[in-house]
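In numbering that gives the first Met the number 0, the protein residues as written are 0 to 486.
Following: one structure in structure tokens, then a few remarks.
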Amino acid sequence: MANEIANNFQEIISHCKEYGYIFQSSELYDGLSAVYDYGQMGAQLKKNLRDEWWKSMTQLNDNIVGIDAAIFMHPTVWKASGHVDNFSDPMIDNKDSNKRYRVDHLIEAHAETLEKAAADALLAEMDQLLAKDDYAGLKKLIEDNKIKCAISKTSNWTDVRQFNLMFSTEFGAVAAENEGDNIVYLRPETAQGIFVNFLNVQKTGRMKIPFGIAQTGKAFRNEIVARQFIFRMREFEQMEMQFFVRPGTQMEWYNYWKETRKKWHESIGIPAERLRFHDHIKLAHYADAALDIEFEFPFGWKELEGIHSRTDFDLSQHAKYSKKKIQYFDNDLNEEGKPYGNYIPYVVETSVGLDRLFLTVISLAYAEEKWTKEDGTEDSRVVLRIPAKIAPTKLAILPLLKKDGLPEIARELMDQCKPHFHCFYEEKDAIGKRYRRMDAIGTPFCVTIDHQTKEDNTVTIRYRDTMTQERIPISAVKNLVQEKING
RNA sequence: GCGGAAGUAGCUCAUUUGGUAGAGCGAUAGCCUUCCAAGCUAUAGGUGGCCGGUUCGAGCCCGGUCUUCCGCUCCA
């Protein structure tokens, strides 16, 4: 069974490439690890998913607004958020146990087993090497002292390496006087762009708590292990909504968004039984509750969206580091009939990986089908059963023959429909072959113009999912497809 | 990161001990064709992932490297 699913995953990956959904980045140059490009079909599907999310947040909730913050942010943002400190330590792995250690912890632990003078000398040398970022020297120090892994009891170590989970680049064209002075990071999450704009949005939008700020955009993480196609990439897109609430009410909203978000996934065609909640036992430093909405991917249950109750951690940190007050005056009356007054709002975060959502939709849509035709011969197709609402191309317009005036009628219908939804025109090859091609890219509706059209202005509409077809007036095509997309 | 497997045309694969690479499908152009990939003709497409070594000669042997998948590990 595990094998079967894995094979299916391979086929999905191949299909994505073959039909213009996803290509590996820089494939011409052998590719760049864990970076992918969306092709002509994929970019449209991804945009449709993003639009659907954006609408569900900012259009259907009158207390949620959207922003688009820059990828570059002031370096102090990442000090305040805790990202810099948590990932600046040199690490070393034991090759036998595969256990990873912080180099300073490993050496300090060893020092405790030594006499005081020896220990002090060792630690002094370590500090010196750490200050110089001398990783080769640190490794030599570990080897010279015959420091062993607590698990494998061996000294089979990798080189000392620094794990920088954030990508950095230089800001400004002129080199800095002091090295490192002009380093900026590519944001490792979009959330901070919302937090640092909290006051701007709240004041200019006259927002009243509870309210939310939504944002979609790229984020960048130097994952140590990035794999499984587009599931874990180094450059990826998040769709986040931070919901600001009165302290004490966060669990109520946490539960509200937990249910609301799951229902949203179901609304774009993800079956409820392929979704589940997974509560975090070990909480991150900023959270007082956290869970994942998981989807059953071809390679198992994995996180699709995170719901976190982030408390007032982020806003407090930014208040502290910026030395500016970040608070909200709540005029609503409490039980004693007095305003709630000033406070730092609590935050409930919903954060979906757009690429993961894409992979979810594709995994669900992909199907290989076989059946026996009326004459007893076998037939088959590969079809992407993408819900019409999010399918990249909605309608294919196909003249049965490329003569007798049929293409002209088809072109007219094309002009009539294309302002309203994405259409595809094709007159080459036999009609059956064209249907198969449309199945493979997931086009939900095909309309065929034949000789009868010239007589009674009717066309055949063919449905991807059932492969059935019916005769309808050509004038009804646009509205019918529009209804199916919206419905 | 560790271990395993793999990389030949857009896709799926072949090339039996090393002798200058082939098929099917697909694609393109045209013909034929009145509704579910299968008719006819022609054409394009590969420095065998990349670099190096052994050899008279390497897709095949050896080393390195890049990329992908699987298991473990990691994931603020």
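All residues carry an ideal CB built from backbone N, CA and C; glycine is no exception.
Fair warning: this is a prediction, and the values are worked out from it, not measured in the lab.
> Does the distance from the CB of Y342 to the CB of V244 come in under 7 Å?
Replying inline: Taking 7 Å as the cut-off, the Cβ atoms of Y342 and V244 do not count as close.
>> Taking the straight line between their C-alpha atoms, what separation do you get for K323 and K483?
In response: If I take the Cα positions, the gap works out to 51 Å.
> Beta carbon of L137, beta carbon of V102: below 7 Å?
Replying inline: With respect to the 7 Å criterion, L137 and V102 are classified as neighbours on the basis of their beta carbons.
> By the 10 Å Cβ neighbour count, where 16 or more other Cβ atoms means buried, how is P209 classified, buried or exposed?
Replying inline: Classification for P209: buried.
> How about I91 and W156: do their beta carbons lie closer than 7 Å?
Replying inline: In this structure, W156 lies closer than 7 Å to I91 by Cβ.
> For T189, does the three-state DSSP call read helix, strand or coil?
Replying inline: T189: coil per DSSP, three-state reduction.
> Going by Cα to Cα distance, which pick from F296, W252 and A135 is closest to E272?
Replying inline: Nearest option by C-alpha distance: F296.
> Start and end of the alpha helix (DSSP H) containing Y28?
Replying inline: Bounds of any alpha helix (DSSP H) do not take in Y28, whose DSSP letter is neither H nor E.
> Can you tell me whether DSSP reads A1 as helix, strand or coil?
Replying inline: Since pLDDT at A1 reaches only 37, below the 50 mark, its modelled position is unreliable, and the value read off the structure follows with that caveat. Helix, per DSSP.
> Taking contact to mean at least 3 C-beta pairs separated by less than 8 Å, is the segment 415-427 in contact with the segment 450-468?
Replying inline: Contact annotation: the segment 415-427 does not touch the segment 450-468, with fewer than three C-beta pairs closer than 8 Å.
> Quick one: what's Q451 bridged to in DSSP?
Replying inline: Looking at the DSSP assignment, Q451 forms no beta bridge with any residue, so it has no partner.
> Closest to F298 by CA distance: which of K262, R226, H307 and D278 is it?
Replying inline: Of all alpha-carbon atoms in K262, R226, H307 and D278, the one lying nearest the alpha-carbon of F298 is that of R226.
>> Can you give me the C-alpha to C-alpha distance between I473 and Y35, rounded to a whole angstrom?
In response: Cα to Cα, I473 sits roughly 41 Å from Y35.
> Between which two residues does the beta strand (DSSP E) harbouring M240 extend?
Replying inline: Here the beta strand (DSSP E) through M240 covers E234 to V244.
>> Once the 5 residues before and after E265 are set aside, which same chain residues still bring their CB inside 8 Å of it?
In response: Closer than 8 Å at the Cβ level, and outside the excluded window around E265, lie A271 and L274.
>> My parser needs the alpha helix (DSSP H) runs of 4 or more residues fully inside the segment 54-142; what are they?
In response: Listed in chain order, the complete alpha helix (DSSP H) runs (minimum 4 residues) inside the segment 54-142 are 74-80, 82-85, 102-110 and 115-130.
>> Can you give me the C-alpha to C-alpha distance between G192 and A69, rounded to a whole angstrom?
In response: As the crow flies, the alpha-carbon of G192 is around 7 Å from that of A69.
> Can you pull the DSSP bridge partners for V381?
Replying inline: V381 is bridged by DSSP to E367.
> Does DSSP classify V480 as helix, strand or coil?
Replying inline: In this structure, V480 counts as helix in the three-state DSSP scheme.
>> Can you find the residues in the same chain that come closer than 6 Å, C-beta to C-beta, to C15, ignoring five residues on each side of it along the sequence?
In response: The answer, listed in chain order, is I21.
>> Which residue marks the beginning of the alpha helix (DSSP H) containing Y20, and which one marks its end?
In response: In the DSSP assignment, Y20 falls outside any alpha helix (DSSP H), carrying neither H nor E.
> Among Y434, P398 and D311, which residue has its Cα nearest to the Cα of T457?
Replying inline: Minimum Cα distance to T457 is reached at P398.
> Whose C-alpha, out of W256, I223 and I63, is nearest the C-alpha of I212?
Replying inline: Distance check between I212 and each of W256, I223 and I63 places I63 closest, using alpha-carbon atoms only.
>> Check this for me: beta carbons of Q39 and G30, under 7 Å apart or not?
In response: Contact: no.
> Is it buried or exposed for F312, if we count other Cβ within 10 angstroms and need 16 for buried?
Replying inline: F312 sits buried, since 16 or more C-beta atoms from the chains shown fall within 10 Å of its C-beta.
> Along the chain, where does the alpha helix (DSSP H) that runs through F197 open and close?
Replying inline: First-last of the alpha helix (DSSP H) with F197: F197 to T203.
> Can you find at least 3 beta carbon pairs, one from the segment 282-294 and one from the segment 324-333, that sit closer than 8 Å?
Replying inline: No, because fewer than three Cβ pairs between the segment 282-294 and the segment 324-333 fall closer than 8 Å, the two stretches do not touch.
> At a cut of 8 Å, does the segment 116-135 reach the segment 215-225 through at least three beta carbon pairs?
Replying inline: Note that the segment 116-135 does not touch the segment 215-225; fewer than 3 beta-carbon pairs, one per stretch, sit closer than 8 Å.
> When the Cα atoms are used, what is the spatial distance from N60 to K54?
Replying inline: Approximately 9 Å between the Cα atoms of the pair.
> For C148, which of helix, strand or coil comes out of DSSP?
Replying inline: Correct three-state label for C148: coil.
>> I'd like to check one pair, I396 with V446: are the Cβ atoms closer than 7 Å?
In response: In this structure, V446 lies near I396, with their beta-carbon atoms less than 7 Å apart.
> Residues bridged to V183 by DSSP?
Replying inline: V183 pairs with T168.
> What's the call for I182, buried or exposed, on a 16-neighbour Cβ count within 10 Å?
Replying inline: With fewer than 16 Cβ atoms within 10 Å of its Cβ, I182 is classed as exposed.
> From which residue to which residue does the alpha helix (DSSP H) around G431 run?
Replying inline: In the DSSP assignment, G431 falls within the unbroken alpha helix (DSSP H) covering I430 to I440.
> Going by the beta-carbon positions, is the gap between D438 and R463 smaller than 7 Å?
Replying inline: Yes. Within cutoff.
>> Please report the distance separating the alpha-carbon of F444 from that of R384.
In response: Using only the alpha carbons, I get a separation of about 11 Å.
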